[in-house]
Amino acid sequence: MKSVKEQKKSIGVEDSREKIIIRTSIIGIVANVLLALFKAVIGILSNSIAIVLDAVNNVSDAGSSLVTIIGTKLASREPDKKHPFGYGRLEYLSAMVIAVIVMYAGLTSFGESIERIIEPKTPNYSIPSLVIVAVAVFVKVFLGRYVKRVGEKVNSDSLMNSGEDALMDSVISASTLVAAIIYLFFHISLEAWLGAIISITIIKAGYEMLRDTISRLLGESNDIELARAIKDTVLEFPQVKGAYDLVLNNYGPNAWNGSIHIEIPDTCMAHEIDKLIRDIQEEVYYRHKVILTAVGIYSVNTQDEEVISTRQRVNEIVFAYPNVRQIHGFYIEKEKSSMRFDLVISFDAMDRKALYEDIMNDLEKAFPDYSFRVALDTDFAES
2 MKSVKEQKKS
12 IGVEDSREKI
22 IIRTSIIGIV
32 ANVLLALFKA
42 VIGILSNSIA
52 IVLDAVNNVS
62 DAGSSLVTII
72 GTKLASREPD
82 KKHPFGYGRL
92 EYLSAMVIAV
102 IVMYAGLTSF
112 GESIERIIEP
122 KTPNYSIPSL
132 VIVAVAVFVK
142 VFLGRYVKRV
152 GEKVNSDSLM
162 NSGEDALMDS
172 VISASTLVAA
182 IIYLFFHISL
192 EAWLGAIISI
202 TIIKAGYEML
212 RDTISRLLGE
222 SNDIELARAI
232 KDTVLEFPQV
242 KGAYDLVLNN
252 YGPNAWNGSI
262 HIEIPDTCMA
272 HEIDKLIRDI
282 QEEVYYRHKV
292 ILTAVGIYSV
302 NTQDEEVIST
312 RQRVNEIVFA
322 YPNVRQIHGF
332 YIEKEKSSMR
342 FDLVISFDAM
352 DRKALYEDIM
362 NDLEKAFPDY
372 SFRVALDTDF
382 AES
């Protein structure tokens, strides 16, 4: 397990991440409140529904940043008896709330835009107001890119959603500016129609944020790159002949628990296995910040040439079929004429169970004197 020094280092990293998220969110709140005030005044004075809606959208963005701060503080709570894996998933819930806020803002804006299409009003733009809107575009582009970049750096869905929303706002503000210029030069008011289009875009963005966050809460497949990196680390130990069945459970950003099976020679003693497992757990945590709560053992025949030859024959039969990814945990008890292993069949197979049965029929024909214990297994890191 972790040393005291490593524990302090881990806590320091989490504290730093929390501070970065909160600081970035506060910057977002201040910027959005100021922009909302300016736009609201301009929108009311110029009778522009598009600018007023843009101001309302900035208020919702400030609310999103506040939700991010609250979610981050709650998610950083220490594990307890009721929630031994911690509160990290609360960050996903805060990201969900932000997505709902974005969708609500889009639906509200769409309703108001439809009203203006039915009962149009003449806007009254001024050059100073348009200059302020133009400045707002650049502020939102800078803010959006900054917040999203920080979100990606610290792996915060809430920040990434807020950054994406800010970039969408810059497009909205730019569109409002274009509509104003068109009205000034050609006396054609496109505001209400533009507001409807913008609203649909906001709703779509909110839906995509909500979909992605719910997917994480439900539990997605293993992070392929992380899974491969962990297996590579485990395989660096000379006693380990294979690493399989890696399962990763995510309990919030940068909070992973997992389990894995390893193949080791059948000559390993209990005290050697105990040390190996502890070394693997420490190395995986040190490199990847993943806690391996369990390391299962598969014993590999290494002393009997006949058994080794039999395994090669089994491989030939099994891998003659398409969509077979691997076999592992292979072991033969000659005195009992028993053969056992796990058979991993890809999800690409039309019928995994039917393929499994065909393979078993071939094995039973090839080895009629053997009894089989073959588990149909899944590769949780399958891409």
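Note that my numbering gives residue 327 to position 326 of the sequence shown, counting from 1, and the numbers run on in steps of one.
Each residue gets a CB set at the ideal place from its N, CA and C atoms; glycine is no exception.
heavy atom of the ligand ATP below 7 Å from residue i C-beta
| i | result |
| --- | --- |
| residue 235 | Summarising the ligand content, the structure contains no ligands, and the ligand ATP is consequently not present. |
Distance between beta carbons of residue j and residue i, contact taken as under 8 Å
| i | j | result |
| --- | --- | --- |
| residue 193 | residue 166 | With 8 Å as the limit, residue 193 and residue 166 do not qualify as a contact, their Cβ atoms being about 23 Å apart. |
| residue 370 | residue 347 | About 30 Å separates the two Cβ atoms, so there is no contact after all. |
| residue 320 | residue 331 | Actually they are not in contact, since the Cβ atoms of residue 320 and residue 331 sit about 13 Å apart, beyond 8 Å. |
| residue 169 | residue 203 | 7 Å |
| residue 300 | residue 265 | 7 Å |
Residue i - DSSP class collapsed to helix/strand/coil
| i | result |
| --- | --- |
| residue 389 | The first residue shown for the chain is 2 and the last is 384, placing residue 389 beyond what the model contains. |
| residue 77 | coil |
| residue 378 | strand |
| residue 59 | helix |
| residue 331 | strand |
| residue 2 | At residue 2 the pLDDT is 41, less than 50, meaning the model places this residue with poor confidence and gives no usable figure here. |
| residue 294 | strand |
| residue 110 | helix |
| residue 139 | helix |
| residue 90 | coil |
| residue 39 | helix |
| residue 362 | helix |
| residue 239 | coil |
| residue 153 | helix |
| residue 33 | helix |
| residue 226 | helix |
| residue 83 | coil |
| residue 120 | coil |
| residue 9 | Any answer about residue 9 is weak, because its pLDDT of 43 lies below 50 and its placement is not dependable; what the coordinates show is given next. The answer is helix: DSSP assigns residue 9 an H, G or I state. |
| residue 69 | helix |
Endpoints, the alpha helix (DSSP H) within which residue i is located
| i | result |
| --- | --- |
| residue 160 | 158–187 |
| residue 316 | 306–319 |
| residue 351 | Here residue 351 belongs to no alpha helix (DSSP H), and DSSP marks it neither H nor E. |
| residue 190 | Here residue 190 belongs to no alpha helix (DSSP H), and DSSP marks it neither H nor E. |
| residue 283 | 271–289 |
Distance CB(residue i)-CB(residue j) smaller than 8 Å
| i | j | result |
| --- | --- | --- |
| residue 134 | residue 174 | yes |
| residue 289 | residue 227 | yes |
| residue 163 | residue 95 | no |
| residue 350 | residue 324 | yes |
| residue 326 | residue 345 | yes |
| residue 293 | residue 304 | no |
| residue 286 | residue 86 | no |
| residue 29 | residue 172 | no |
| residue 98 | residue 68 | yes |
| residue 32 | residue 56 | no |
| residue 196 | residue 117 | yes |
| residue 280 | residue 238 | yes |
| residue 211 | residue 101 | yes |
Residues sharing a beta bridge with residue i, DSSP
| i | result |
| --- | --- |
| residue 244 | 263 |
| residue 299 | 264 |
| residue 249 | 259 |
| residue 372 | 339 |
| residue 325 | 346 |
Contact with chain C by residue i, beta-carbon distance below 8 Å
| i | result |
| --- | --- |
| residue 361 | This model lacks chain C altogether; it includes just one protein chain. |
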